[in-house]
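These protein sequence lines are chains A, B and C, in that order.
Per full-length UniProt numbering, the very first residue in the first sequence carries number 1; after that it's consecutive.
Per full-length UniProt numbering, the very first residue in the second sequence carries number 1; after that it's consecutive.
Per full-length UniProt numbering, the very first residue in the third sequence carries number 1; after that it's consecutive.
Ideal Cβ positions, reconstructed from N, Cα and C, are used throughout, including at glycine.
Single-structure report; data block below.
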Amino acid sequence: MGPYGPDHRESNMTKNLRLALLASTVLAGTASAQDVTLTVESWRNDDLTIWQDTIIPAFEEANPGIKVQFTPSAPAEYNAVLNSKLEAGSAGDLITCRPFDASLELFSQGQLADLTDLDAMSNFSDVAKSAWQTDDGSATFCVPMASVIHGFMYNKSIFDELGLEVPTTNEEFYAVLDAIKEDGTYIPMAMGTADQWEAATMGYQNIGPTYWKGEEGRRALIEGTQKLTDEAWVEPFRQIARWSDYLGDGFEAQTYPDSQNLFTLGRAAIYPTGSWEIGVFTPQIDGMFEMGAFPPPVQAEGDTCYISDHTDIALGMNAATENPEAARTFLNWVGSPEFATLYANALPGFFSMNSTPVEMEDPVAQKFVSWRENCEPTIRSTYQILSRGTPNLENETWNASANVINGAETPEDAAARLQDGLASWYEPQQQ
Amino acid sequence: MNSARHSVFRSVAAHGILILYTVIALFPVFVIVINSFKSRRAIFNEPLALPTPETFDLIGYQTVLKQGDFFQYFLNSMTVTVGSLFFVLMFGAMAAFALSEYRFRGNLLMGLYLALGIMIPIRLGTVAILQIMVASGLVNTLTALVLVYTAQGLPLAIFILSEFMRSVSDDLKNAGRIDGLSEYKIFFRLVLPLVRPALATVAVFTMIPIWNDLWFPLILAPSEETKTITLGSQVFIGQFVTNWNAVLAALGLAIVPVLVLYLIFSRQLIRGITAGAVK
Amino acid sequence: MAQRKPFRWHIVVFLAPAVLVYTAIMIVPLIGTLNLSLFSLTEAGERVFVGLQNFATLFGDPRWSESFWNALINNAWFFLIHMLVQNPIGVMLAALLSSPRLRMAAFYRTAIFIPTILSFVIVGFVWKLILSPIWGIAPGMLDAVGLKSLFAPWLGKEEYALTTLALISVWQFVGIPMMLIYAAMLSIPDEVIEAAEMDGVTGWSQFWKIKLPLILPSIGIISILTFVGNFNAFDLVYVSQGALAGPNYATDILGTFLYRTFFGFQLQLGDPHMGAAIATAMFAIILVGVSIYLFAIQTRLRRYQF
Numbered sequence: 001m002g003p004y005g006p007d008h009r010e011s012n013m014t015k016n017l018r019l020a021l022l023a024s025t026v027l028a029g030t031a032s033a034q035d036v037t038l039t040v041e042s043w044r045n046d047d048l049t050i051w052q053d054t055i056i057p058a059f060e061e062a063n064p065g066i067k068v069q070f071t072p073s074a075p076a077e078y079n080a081v082l083n084s085k086l087e088a089g090s091a092g093d094l095i096t097c098r099p100f101d102a103s104l105e106l107f108s109q110g111q112l113a114d115l116t117d118l119d120a121m122s123n124f125s126d127v128a129k130s131a132w133q134t135d136d137g138s139a140t141f142c143v144p145m146a147s148v149i150h151g152f153m154y155n156k157s158i159f160d161e162l163g164l165e166v167p168t169t170n171e172e173f174y175a176v177l178d179a180i181k182e183d184g185t186y187i188p189m190a191m192g193t194a195d196q197w198e199a200a201t202m203g204y205q206n207i208g209p210t211y212w213k214g215e216e217g218r219r220a221l222i223e224g225t226q227k228l229t230d231e232a233w234v235e236p237f238r239q240i241a242r243w244s245d246y247l248g249d250g251f252e253a254q255t256y257p258d259s260q261n262l263f264t265l266g267r268a269a270i271y272p273t274g275s276w277e278i279g280v281f282t283p284q285i286d287g288m289f290e291m292g293a294f295p296p297p298v299q300a301e302g303d304t305c306y307i308s309d310h311t312d313i314a315l316g317m318n319a320a321t322e323n324p325e326a327a328r329t330f331l332n333w334v335g336s337p338e339f340a341t342l343y344a345n346a347l348p349g350f351f352s353m354n355s356t357p358v359e360m361e362d363p364v365a366q367k368f369v370s371w372r373e374n375c376e377p378t379i380r381s382t383y384q385i386l387s388r389g390t391p392n393l394e395n396e397t398w399n400a401s402a403n404v405i406n407g408a409e410t411p412e413d414a415a416a417r418l419q420d421g422l423a424s425w426y427e428p429q430q431q
Numbered sequence: 001m002n003s004a005r006h007s008v009f010r011s012v013a014a015h016g017i018l019i020l021y022t023v024i025a026l027f028p029v030f031v032i033v034i035n036s037f038k039s040r041r042a043i044f045n046e047p048l049a050l051p052t053p054e055t056f057d058l059i060g061y062q063t064v065l066k067q068g069d070f071f072q073y074f075l076n077s078m079t080v081t082v083g084s085l086f087f088v089l090m091f092g093a094m095a096a097f098a099l100s101e102y103r104f105r106g107n108l109l110m111g112l113y114l115a116l117g118i119m120i121p122i123r124l125g126t127v128a129i130l131q132i133m134v135a136s137g138l139v140n141t142l143t144a145l146v147l148v149y150t151a152q153g154l155p156l157a158i159f160i161l162s163e164f165m166r167s168v169s170d171d172l173k174n175a176g177r178i179d180g181l182s183e184y185k186i187f188f189r190l191v192l193p194l195v196r197p198a199l200a201t202v203a204v205f206t207m208i209p210i211w212n213d214l215w216f217p218l219i220l221a222p223s224e225e226t227k228t229i230t231l232g233s234q235v236f237i238g239q240f241v242t243n244w245n246a247v248l249a250a251l252g253l254a255i256v257p258v259l260v261l262y263l264i265f266s267r268q269l270i271r272g273i274t275a276g277a278v279k
Numbered sequence: 001m002a003q004r005k006p007f008r009w010h011i012v013v014f015l016a017p018a019v020l021v022y023t024a025i026m027i028v029p030l031i032g033t034l035n036l037s038l039f040s041l042t043e044a045g046e047r048v049f050v051g052l053q054n055f056a057t058l059f060g061d062p063r064w065s066e067s068f069w070n071a072l073i074n075n076a077w078f079f080l081i082h083m084l085v086q087n088p089i090g091v092m093l094a095a096l097l098s099s100p101r102l103r104m105a106a107f108y109r110t111a112i113f114i115p116t117i118l119s120f121v122i123v124g125f126v127w128k129l130i131l132s133p134i135w136g137i138a139p140g141m142l143d144a145v146g147l148k149s150l151f152a153p154w155l156g157k158e159e160y161a162l163t164t165l166a167l168i169s170v171w172q173f174v175g176i177p178m179m180l181i182y183a184a185m186l187s188i189p190d191e192v193i194e195a196a197e198m199d200g201v202t203g204w205s206q207f208w209k210i211k212l213p214l215i216l217p218s219i220g221i222i223s224i225l226t227f228v229g230n231f232n233a234f235d236l237v238y239v240s241q242g243a244l245a246g247p248n249y250a251t252d253i254l255g256t257f258l259y260r261t262f263f264g265f266q267l268q269l270g271d272p273h274m275g276a277a278i279a280t281a282m283f284a285i286i287l288v289g290v291s292i293y294l295f296a297i298q299t300r301l302r303r304y305q306f
C-alpha cells in the first residue's frame, strides 16, 4: 500500500473536514456522561416490540447506568446498511451476526471484536460457537443467540377433515399431498417461487439433508470428496421439482408473505418452513385451527431422519465501540441462561444454543425441538466456506431451486451449473 | 352542422379516453384506500369490495398509530423536503442564471460539469457521503439529508432552469441594466418572477424523489427522532409483512400527506405552466 | 479590440453555492467510488492498484459478462417500452388536455399525475396485490369479462416479468411527459393555430403537421430524461422482485446488478471494486447516450424551433 493509495487520501480528507468542523464535533461530544447508551444493529425488525417491551427492560433493570437501543433495518438491506455504517464509523456498539462467512469477513477486516475470552462463552458448546469462529476455531467473535429448525407445518383441522395421517416416509408424504389435491378444497402445499428464497431454504435445504446425510455430505462437499452433481445432491432438486404439482395456481408469482397468508388463513394444508414462523403465526391464526409440525419425511421406513438445525443468529461487538466495557456486560448477559429463557419464550421457534436447557411453553416449538432427540442435525449446506466466491453458491442455489420448480431448468442441469460455478473458484472442488 | 356534430363527437371521445386513463391511474390508489378499512379476512376474500358494516375494521390504523410516532415522521419529512426544495430552487436558479445569462470562459464546461450529476446515481457515493457526515457530526440530523438532497436535486434543476432562462427576453434585462439595476436585482426582481412556471415544474420533480427516498434516511438518519415517513412506513411494513391491514393503513397514511402537498403545488404548477405559455 | 472588462464577481456569487454543495456532496464521493474501480483487494486484504483489470474481468470473464449483458439488454428493453408506450400516451393525453374548451381539464391533469408522486414501496406493493394470482384483482376482473384464460402470473414468468414491470413503471411516470408536453403545447402561439385553421388544416392533420414538429424539442428532452432515468432505475425492480431480480434474472437491470455487486446480498459479500467497475460502465453508457442526444438529435431539432 503506497503512500498515495486511496486510503491515505480519504483519511486526509476526513481529517481536514474534522478540523474544519471541529465546532460541531465538540458540541456533539458533550452527551451526558453518567449513562452509557448501547445501540444494537439488527435485521430482525420483526422483533422490535419484543426487544422494546421484554428484553431491554429486563437488562436495564439488572444493569442500571446502561441503556440499550435496538435499531433494526429490513433483512434485505441489512448487509448494505451495516457495511456502509461500519466503513464510515457510524455503526452501533453491538452487531447482530449472520452465521459463517459474512461475519467472519467483518472479523478479519477488524470490524468485529474478538470475544474469545468473554465469560459467557463457556455457556456454549463448540458446535454452537462454530458458526462464529475463525476456520481454525482459535477465535470466537459473536455470542450465539439462537438456531432455527426446518420442517413442515400442517393444518390439523384439514388433516382431520380429510382423515389424513401425518406422513413419515416420502411415499406417505406424496400420498397425503395427492389426497388433498384430489379433494380439491385446499391447496396441498403453500409455497411460491417469486422470492426464490422459499424454494431454496424451505425446499432444498429443508429436505436435502435426508439425501446427503446431513453433516456427512456437507463436510464431504467442503472437502471436495462429493460434488453437487452427485446423486445425493441432485435428488432433492428432483423432489422439489415434483412439488410443483401440489402448489397453488400461479405459484411462480407467489411471494413469501403470500404463502404465509395462504397457510394462516386456512387455505393451504401443508407449509414447508422453519420454526421461526411459530411466533408470527400463532397470533394470526388466532385459534381458527390447530397447527402441527412434522420433520422432513425419510426415504424408507426406519431410515435415520436428518434435520436442518441451523445456527442462525448471534451478537458481536463493534471493534470501534466507545463503550467496550458496557458492551461486554451486555454480551455476557446475552450469553446467560436468563436471556436464553427470555428470548426462547418471547420468540418461540428461535431455539437457544445455551448449554443450559431452556423450558419452552409453546407446544409447536416443543414439537420442533423434540426432533433433536432422534434426528441427526446439520446446518444449511451453502453457508460455511462454500459461499465465499463468485458466483455465490447460496444465491445461485436460490435461483436454481426456483428454476427447477418452475420447470425452467432440469434438476441435472441446475446441479451441473452450480457445480461448475463452485469449481470455478473453490480449489478442493477443482480436482 | 356537420362540423358541430363532428366536434361533439370529438369532445365525447376525448372525455372517454381521459376518463379511462384517469380510472387506470387512480384504481390502485383506490384499492389501497378501501382495503385499509377492512378486516384481514375481507381483504383476501374480496379485495375489490367496498367496506361494509360487517367487514369495516380500523385495526390496521390502530396498529400503525400505536407503533410509531407517525406525526413526528411526517414533520421530519416535511422539514427535509421543504428545506431541500428551497436550496435546490435558490441555488439552482442562481447557477442557471449565471450559465444562461453570461458569456464567460468555461461556461460550457461548467454547464457540462453541473449536468454530470444527472447521469450517475448519488447512491453510489454513499460510503464517502457517510464518512463526511460522520466527520462533521451530522449523522442522525435532518441537516445531513437536506445537504444530500440539495446536491442530488441541483443538476436536473440547473439543466431545466437554464433552458427556460434562455427564453427570457433580453430587452427586459437590458432595460433593467439601463435603469441602473445591479445584476443581483435583475436576477431577483426581473428574472426570478418570470421563470416561476419553471420553478414550479422543478419543484414538483425535485420533491417527489426526496419525499419518497428510503436509502439516505436509512443510512444517514435512522434514529427515531429523525426518521422520515417513508422510512417509518418501510420499517413498519418489514415488521408486519403478513399483517396486510397494518401495511395498507401505513401505505394509506403515507399517501395522504404527499397527495395534499401535491394538490397544493399542482395549482401553482398548472398556473405557472399556463402563465408561461402566454408570452 | 474590446477593452478588458473588470472581473465579474456576480458570476462567482451566482455559481458558488450550487457548485460548492454539488462538488462536496456529490462529485467528490462519486469520484471516490469510480476511482475504486481501478483497485482490488489482495488475499491479505490490502487494497492495490490493478489498472483496468476489473473491467477485463467484467467484460472478459463469462461469469461476469453474461450477467452484465443480460442486465444491459433487459435495460434496453425496459427503455424501449417506455419510449414506445409512455411517451406516445403522454403526448396523446397532453394533446387531448390542451384542446381548447375542454371541461374538467384540471381534474384530469391532477388525477393522471397522481401515480408519479407515489413511492416505489407503495407502487410495488399495490401492483403485486392487483396482479397476484392468489388474491389478485386482475384474475377476477378478467374472469368477469370472460377472459380468464388470458391471465398468467405475469410477474413470475420469465417471458412476461420484465415487460410487466416496465408497464407498471410507465403507469407510474406517464404524468411527467404529459405535463411537459402539455406545457409545450400551450406555448404554441395562437396565431400559428389560427393560420393553420384558415388554411383548413384541423384535427389530426393539424396535430401531425403543425403541433408535433413544434413539440419535438420537448419530446427530445423527455426522451433523454427517460433514458437517464431508465438506465439508473433500481427501486421498482428491487421492491417487487428483490435484489436477485427473479425469475431467473429476467428482470435484472443495471441498477440491480450494481446493487448486488456493490453492497452484496445475503451471503454474497459486497465487492466495492467490481461494483465501481459496473458503475463506471453505466456512467459511460449514459454519457454516450446523452452525447448522441446533444450532438446529433438536439442540433437537428433546433432547426424546427422559432
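{"Item": "What residues of chain C sit near W398(A), judged by a beta carbon separation below 9 Å?", "Value": "L244, G246 and Q266"}
{"Item": "Could you confirm whether any beta carbon from chain C is found closer than 8 Å to the beta carbon of E394(A)?", "Value": "yes"}
{"Item": "Cβ atoms of W398(A) and Q196(A): under 8 Å apart, would you say?", "Value": "yes"}
{"Item": "Between Q152(B) and F87(B), what straight-line distance do the alpha-carbon atoms span, to the nearest angstrom?", "Value": "11 Å"}
{"Item": "Among G60(C), G45(C) and V19(C), which residue has its Cα nearest to the Cα of A277(C)?", "Value": "G60(C)"}
{"Item": "Taking the CB atoms as reference points, tell me whether A161(C) and W154(C) lie closer together than 8 Å.", "Value": "yes"}
{"Item": "Would you mind telling me which residues of chain A sit closer than 8 Å to G45(C), beta carbon to beta carbon, in chain order?", "Value": "S108 and Q109"}
{"Item": "Would A326(A) and V36(A) be called neighbours here (beta carbons separated by less than 8 Å)?", "Value": "yes"}
{"Item": "Please state the DSSP three-state secondary structure of T228(B).", "Value": "coil"}
{"Item": "In angstroms with no decimal places, state the Cα-to-Cα distance between S119(C) and A254(B).", "Value": "9 Å"}
{"Item": "Leaving out five residues on either side along the sequence, give the residues of the same chain with a beta carbon under 8 Å from the beta carbon of P155(B).", "Value": "L114, A115, L116, G117 and I118"}
{"Item": "Indicate whether V48(C) and S40(C) have their beta-carbon atoms separated by less than 8 Å.", "Value": "yes"}
{"Item": "Is the beta carbon of N245(B) less than 8 Å from the beta carbon of T230(B)?", "Value": "no"}
{"Item": "Please say whether M94(B) and residue 310(C) have beta carbons closer to each other than 8 Å?", "Value": "The structure shown does not extend to residue 310(C), since chain C is modelled only from 1 to 306, so the question has no answer here."}
{"Item": "So, do the stretch 241-261 of chain A and the stretch 152-160 of chain A have three or more beta carbon pairs nearer to each other than 8 Å?", "Value": "no"}
{"Item": "Are T251(C) and V237(C) touching if we call contact CB-CB under 8 Å?", "Value": "yes"}
{"Item": "Which residues mark the beginning and the end of the beta strand (DSSP E) in which G274(A) is found?", "Value": "A268 to G274"}
{"Item": "Nearest CA to the CA of T185(A): which residue from A88(A), Y256(A), Y246(A) and S42(A)?", "Value": "Y246(A)"}
{"Item": "In the DSSP assignment, find the beta strand (DSSP E) that holds H150(A) and state where it starts and stops.", "Value": "C142 to N155"}
{"Item": "Against chain A, does Q234(B) count as a neighbour if the rule is that its beta carbon must be under 8 Å from one of theirs?", "Value": "yes"}
{"Item": "Could you run through the stretch 41-53 of chain A and flag, in chain order, every residue whose CB is less than 7 Å away from some CB of chain B?", "Value": "N45, D46 and L48"}
{"Item": "Examine chain A for any beta-carbon lying closer than 8 Å to the beta-carbon of L116(B), and answer yes or no.", "Value": "no"}
{"Item": "Look up L214(B) in the DSSP assignment and say whether it is helix, strand or coil.", "Value": "coil"}
{"Item": "What's the call for I286(C), buried or exposed, on a 16-neighbour Cβ count within 10 Å?", "Value": "buried"}
{"Item": "Applying a beta-carbon distance threshold of less than 9 Å, which residues of chain B neighbour N261(A)?", "Value": "R40, F44, T242 and W244"}
{"Item": "Who are R47(C)'s beta bridge partners in DSSP?", "Value": "L41(C)"}
{"Item": "Below 9 Å between beta carbons is the criterion; list the residues of the stretch 120-131 of chain B that meet it against any residue of chain A, in chain order.", "Value": "T126, V127, A128, I129, L130 and Q131"}
{"Item": "So which of Q109(A), L86(A) and D46(A) has the shortest CA-CA distance to G45(C)?", "Value": "Q109(A)"}
{"Item": "Residues in the stretch 220-240 of chain A with C-beta within 7 Å of chain C's C-beta atoms, listed in sequence order?", "Value": "none"}
{"Item": "Per DSSP, what kind of secondary structure is P296(A) in: helix, strand or coil?", "Value": "coil"}
{"Item": "Mind checking the stretch 74-96 of chain A against chain B and listing, in chain order, the residues whose C-beta falls within less than 9 Å of any C-beta there?", "Value": "A74, P75, A76, E77, A80, V81, N83, S84, K85, E87, A88, G89 and S90"}
{"Item": "Under 8 Å, do G224(A) and Q52(A) count as touching if we go by C-beta distance?", "Value": "no"}
{"Item": "Counting only Cβ-Cβ distances shorter than 9 Å, please list the residues of the stretch 201-221 of chain B near chain A, keeping chain order.", "Value": "L214, W215, L218, I219 and L220"}
{"Item": "I'd like to know if the stretch 90-110 of chain C and the stretch 175-186 of chain C are in contact, where contact means that at least 3 CB-CB pairs between them fall below 8 Å.", "Value": "yes"}
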